[in-house]
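Note that the sequence shown ends on residue 240 in the numbering used here; no numbers are left out.
Data block below; observations after.
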Amino acid sequence: METGFPVSTTFGPVDPNTLPPDMTLISNDSVVFYTHEATLFKASTNHFNNLLPFPTPAQHDPSERILTLPEISSSELQIMLLAIYKVPAGDPSFSLVDINTLIRAIDHLPNYGFSPKTQITPTSQMYRLMLSCAPLYPLEIYALAAQYEIHAIAVTASSHTLVLPLSEVSAELSRRMGAIYLLWLFQLHMGRTERLKVLLTAEVGLHNPTAECSFTNQKTLKRMWNLAVAKLLFAIKIRRLR
């Protein structure tokens, strides 16, 4: 197919591991993706946003069976197709992705009849891609996984959120999380804080005096410890109020 448009390096016209493509998708920035009507049609619950099936037989050339997707960029479409085809994990180059592109791509999936929860499986490249973004964008990945009930990814991402104050949970992130996952996030953060407070407030014991450490030394050290603990607990309280 000669269109003069750039062609996706992942979903090109020749792939020895798949059947020959019988249709093409063109993104809004004019990148061509070679795909299979049967794959898109059968996996979609709404006939690929009611764009399929084609009226022409499948044996026709892909150049005659084209869908233009004006609302989807090439970066987003590539991510969508990784999910739709359940491409297995393996290529580390896919780890480098813009978080907003990832979010938009996954948000597009339901519009075309695909459930992110069903398409993003633990052995897939998409699963690995989301996990790779979690250390840098923990709240965004947690919220995205929560919205589409990809529980295992949400659990992994939640541990990375502990470095951030809860004040960074925006209204949009809260909406994506929903009440249950938002509650779990707050319980995780507050539970960790309460456990730290219990550990810090444990009474410092005294021991029999020695030549190196008298009762006076121990009492002085205990006062210094209690003062340091009080300052730390105050700092924790202030952080929680932010």
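For every residue, glycine included, the Cβ atom is placed at its ideal position computed from N, Cα and C.
Per DSSP, cross-strand counterpart(s) of residue i
{"i": "F21", "result": "Before going further, note that residue 21 is Met rather than Phe in the sequence given. T33."}
{"i": "I64", "result": "T22"}
{"i": "P86", "result": "S122"}
{"i": "V5", "result": "V30"}
Distance CB(residue i)-CB(residue j) smaller than 9 Å
{"i": "H45", "j": "G111", "result": "yes"}
{"i": "L79", "j": "T119", "result": "no"}
{"i": "S6", "j": "Q76", "result": "yes"}
{"i": "E138", "j": "L171", "result": "yes"}
{"i": "A87", "j": "Y135", "result": "no"}
{"i": "T22", "j": "V12", "result": "no"}
{"i": "E35", "j": "D59", "result": "no"}
{"i": "Y146", "j": "S122", "result": "no"}
{"i": "A41", "j": "E74", "result": "no"}
{"i": "N109", "j": "N26", "result": "no"}
{"i": "L186", "j": "L160", "result": "yes"}
{"i": "A152", "j": "Y140", "result": "yes"}
{"i": "I24", "j": "T66", "result": "yes"}
DSSP three-state assignment for residue i, whether helix, strand or coil
{"i": "L239", "result": "Low confidence applies to L239: its pLDDT is 45, below 50, so where it sits in the model is not reliable, and the reading given next is rough at best. Of the three classes helix, strand and coil, the one that applies to L239 here is helix, per DSSP."}
{"i": "A233", "result": "helix"}
{"i": "A155", "result": "helix"}
{"i": "H187", "result": "helix"}
{"i": "N206", "result": "coil"}
{"i": "I148", "result": "coil"}
{"i": "G176", "result": "helix"}
{"i": "V167", "result": "coil"}
{"i": "L49", "result": "coil"}
{"i": "A200", "result": "coil"}
{"i": "S71", "result": "coil"}
{"i": "D105", "result": "helix"}
{"i": "M39", "result": "Before going on, a small fix: residue 39 reads as Phe here, not Met. Looking at F39 - three-state DSSP - the assignment turns out to be helix."}
{"i": "S113", "result": "coil"}
{"i": "T214", "result": "helix"}
{"i": "N44", "result": "coil"}
Exposed unless 16 or more other CB atoms sit within 10 angstroms - verdict on residue i
{"i": "F184", "result": "exposed"}
{"i": "T72", "result": "Checking the sequence, you will find Ser at residue 72 rather than Thr. The residue is buried, with at least 16 neighbouring Cβ atoms inside 10 Å."}
{"i": "F295", "result": "In the structure as shown, the chain starts at -1 and stops at 240, and residue 295 therefore has no counterpart that could be examined."}
{"i": "A194", "result": "Here the sequence assigns Leu to residue 194, which means Ala is not the residue at that position. The residue is exposed, with fewer than 16 neighbouring Cβ atoms inside 10 Å."}
{"i": "T37", "result": "buried"}
{"i": "M222", "result": "exposed"}
{"i": "A226", "result": "exposed"}
{"i": "V167", "result": "buried"}
{"i": "M128", "result": "buried"}
{"i": "C303", "result": "Absent from the model: residue 303. The displayed extent of the chain is -1 to 240, so no value can be given."}
{"i": "A81", "result": "buried"}
{"i": "L100", "result": "buried"}
{"i": "S28", "result": "exposed"}
{"i": "L50", "result": "buried"}
{"i": "L17", "result": "exposed"}
{"i": "L239", "result": "Below a pLDDT of 50, predicted positions are generally treated as unreliable, and L239, at 45, falls in that range; the measurement from the model is reported next regardless. Classification for L239: exposed."}
{"i": "L230", "result": "exposed"}
{"i": "S156", "result": "buried"}
{"i": "A144", "result": "buried"}
Closer than 9 Å to chain B by CB, residue i
{"i": "L65", "result": "Checking the listed chains, one finds no chain B in this structure; it contains a single protein chain."}
Any non-hydrogen atom of the ligand GDP closer than 8 Å to residue i Cβ
{"i": "A143", "result": "This structure simply doesn't include the ligand GDP, nor any ligand for that matter."}
Open item on the list: Quick test of the definition: if touching needs 3 or more C-beta pairs under 8 Å, does the segment 161 to 181 touch the segment 198 to 209?
Closed with: Touching, no, given that fewer than three Cβ pairs across the two stretches are closer than 8 Å.
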